[in-house]
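Q: Going by this note's numbering, the sequence shown opens with residue 1, and the numbers climb by one from there.
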Amino acid sequence: MEHAFADINFAAVFVAAFSAFIVGGIWYGPLFSKPWMAETGMTEEKARQGHPAITFGLSFILMLIAATALAMILGKKSIVAGIIHGILLAVAFVATTMGVNDLFERRSFKLWSINAGYNLVAFTLMGAILGAWH
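#1: Compute the Euclidean distance between the alpha carbons of residue 8 and residue 128, then round it to the nearest angstrom.
#2: The alpha helix (DSSP H) that contains residue 45, what's its start and end?
#3: CB-CB under 8 Å to residue 124, same chain, minus the five flanking residues each way: which ones, in chain order?
#4: Applying the 10 Å Cβ sphere with the 16-neighbour rule, what's the burial state of residue 122?
#5: Among 93, 102 and 54, which residue has its Cα nearest to the Cα of residue 119?
Here's what the structure looks like:
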């Protein structure tokens, strides 16, 4: 495990995580905020509750963990390999496990599509960044 961390470019991990964070802002903002809110029962009032610093801070930490794991899996491969790995992880692990949860929670296919689509774009971009900048 020690060697896996030694080979990681943590600047690239930070940028990859930040890119997923930005994609999330666009995805759940101007692109899909209305259908996402409708599918989850979220309201503007409910969205303003809580502590945004905690929500956004913890979300960024989670994306740092995901980007670090992707960097460990990817190693020093190319941008194309990064894109392929990002797509594979998003489809084979993230989207499928989210799908299982959504099935048991009786959530809609539309919500799954919005959330899985975000992860597909985010992981693909993170993989591209990590593959290009290792």
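Using N, Cα and C, we set each Cβ at its ideal position, and we do this for glycine too.
These numbers come from a predicted model, not from an experiment.
A: With the given structure in hand:
#1: Position 8 of the sequence shown holds residue 8. Position 128 of the sequence shown holds residue 128. For residue 8 and residue 128, the distance between alpha carbons rounds to 15 Å.
#2: One-based indexing of the sequence shown puts residue 45 at position 45. Segment 44-48, the alpha helix (DSSP H) holding residue 45.
#3: In the sequence shown, residue 124 corresponds to position 124, counting from 1. If you ignore the 5 residues before and after residue 124, its C-beta comes within less than 8 Å of the C-beta of 83, 86, 87 and 90, all in its own chain and listed in chain order.
#4: Locating residue 122 in the sequence shown gives position 122, counting from the first residue. Classification of residue 122: buried, given that the 10 Å Cβ count is 16 or more.
#5: Counted from its first residue, the sequence shown places residue 119 at position 119. Checked all of 93, 102 and 54; the closest Cα to residue 119 is 93.
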